[in-house]
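Peer 1: The structure's right below; bear with me while I get my questions together.
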Amino acid sequence: MGFTPLLPPLPRRTPALRTFPPPKVSTPTPDSVPEPSQKLAQAPGALALVQARGFDSPVSIVPLPRYEQSSSHRTAPPRAGRPLRPVDAISRQIEGRCAGVAIAYLEIMAARRSRQQLAQWVSADCFHRLLPRFPKNPRQVPAGQALSMPPALLRVRAQRVNPKLYEAVALFRCGQGIRVVTLQVRELHGTWLITSIEQPQNRPGAN
16 MGFTPLLPPL
26 PRRTPALRTF
36 PPPKVSTPTP
46 DSVPEPSQKL
56 AQAPGALALV
66 QARGFDSPVS
76 IVPLPRYEQS
86 SSHRTAPPRA
96 GRPLRPVDAI
106 SRQIEGRCAG
116 VAIAYLEIMA
126 ARRSRQQLAQ
136 WVSADCFHRL
146 LPRFPKNPRQ
156 VPAGQALSMP
166 PALLRVRAQR
176 VNPKLYEAVA
186 LFRCGQGIRV
196 VTLQVRELHG
206 TWLITSIEQP
216 QNRPGAN
């Protein structure tokens, strides 16, 4: 004898779905949203949009520095004098030679180098003009020409006057002072020779 169910089967229960409240969306009021003109007034200059997380406002406006704007409106300082010409290959070679000759000249004037070492770099007329200036021994060194250490080259610049004439200026630090040597270089018989060496008055503090 079989058993028959005495009670009807229970209906299957379906799990209830979890419901979440709808997201709260804040709608800005007309009073809380500034006008574009107000934004520009609050943040002058260029503006960058930066994403800001964790705040009510999804976007914040950050002013950038005004350096580029201000620098573009800067007026260049007035320049006095004639602008220098671009340096060419010959000028660079002459600058190197004039720097070496100027150092030799300062050392000869301080009785620290033989005068004959200058003869091959200068013209004959220039060398004969320089001979009376050169001291024969350290006791004849002119005032302000003594050297306590070798001259240190600060700057040398050569400019072309014409295709066969260049002028150069060399600045040296000698001890606590600055000395200036001016030179003229000419092309004589296919060779560049120094035809003039002058030493303007030394700046204050020169040894």
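In this text, residue positions in the sequence shown follow the working numbering: the first is 16, and each later residue adds one.
Glycine residues also receive a C-beta, built at the ideal position from the N, C-alpha and C atoms.
(1) Quick check for students: name the residue ranges of the beta strand (DSSP E) that lie wholly in the stretch 147-180, counting only runs of 3 or more.
(2) Take residue 184 as the anchor and find which of 212, 160, 165, 204 has the nearest alpha-carbon.
(3) Starting from residue 108, trace the alpha helix (DSSP H) in both directions and tell me its first and last residue.
(4) Rounding to the nearest angstrom, what Cα-Cα distance links residue 128 and residue 167 in this structure?
(5) Mind checking who residue 199 pairs with in its DSSP beta bridge?
(6) Quick check: the stretch 110-121 against the stretch 193-200, are at least 3 beta-carbon pairs closer than 8 angstroms?
(7) Please name the residue or residues paired with residue 194 in a DSSP beta bridge.
(8) Tell me which same chain residues have a C-beta within less than 6 angstroms of the C-beta of residue 215, skipping the five on either side of it?
(9) Can you tell me where the alpha helix (DSSP H) holding residue 127 begins and where it ends?
(10) Of the choices 138, 140, 125, whose alpha-carbon is the least far from that of residue 154?
(11) Please report the straight-line C-alpha distance between residue 134 and residue 188, rounded to a whole angstrom.
(12) Whole angstroms is fine: what's the gap from residue 141's alpha carbon to residue 209's?
(13) Excluding the five sequence neighbours on either side, which residues of its own chain have a C-beta within less than 6 angstroms of the C-beta of residue 181, listed in chain order?
(14) Quick check: the Cα distance between residue 202 and residue 139, rounded to an integer number of angstroms?
(15) Between which two residues does the alpha helix (DSSP H) carrying residue 143 extend?
(16) Taking the Cβ atom as the reference point for each residue, do residue 170 and residue 136 lie within a distance shorter than 8 angstroms?
(17) In chain order, what residues of the same chain lie with their CB nearer than 8 angstroms to the CB of residue 179, ignoring the 5 residues before and after it?
(18) Within 10 angstroms of its Cβ, does residue 121 collect 16 or more other Cβ (buried), or is it exposed?
(19) What's the C-alpha gap between residue 177 and residue 204?
(20) Roughly how far, in whole angstroms, is the beta-carbon of residue 156 from the beta-carbon of residue 165, given that I think they are within contact range, below 8 angstroms?
Peer 2: Let's see:
(1) Listed in chain order, the beta strand (DSSP E) elements of length 3 or more contained wholly in the stretch 147-180 are 167-177.
(2) Nearest option by C-alpha distance: 212.
(3) Residue 108 -> alpha helix (DSSP H) spans 104-124.
(4) Residue 128 and residue 167: Cα-Cα distance of roughly 16 angstroms.
(5) Paired residues: 182, 211.
(6) Result yes; three or more Cβ-Cβ pairs closer than 8 angstroms.
(7) Bridge pairing for residue 194: 187 [DSSP].
(8) Here the set comprises 195.
(9) Residue 127 -> no alpha helix (DSSP H), and no H or E assigned at all.
(10) The shortest Cα separation from residue 154 among 138, 140, 125 belongs to 125.
(11) Their Cα atoms are separated by approximately 25 angstroms.
(12) Their Cα atoms are separated by approximately 8 angstroms.
(13) The residues 109, 173, 175, 200, in chain order, have a CB closer than 6 angstroms to that of residue 181 in the same chain once the five nearest residues on each side in sequence are set aside.
(14) Roughly 14 angstroms between the two C-alpha positions.
(15) Its alpha helix (DSSP H) spans residues 139-145.
(16) With a cutoff of 8 angstroms on beta-carbon distance, residue 170 and residue 136 are scored as not near each other.
(17) Sequence-distant partners of residue 179 (beyond 5 residues in either direction) whose C-beta falls short of 8 angstroms from its own C-beta, in its chain, are 201, 202.
(18) Its Cβ being crowded by 16 or more others within 10 Å, residue 121 is buried.
(19) Straight-line measurement puts the Cα of residue 204 at about 16 angstroms from the Cα of residue 177.
(20) 15 angstroms between Cβ atoms; not a contact.
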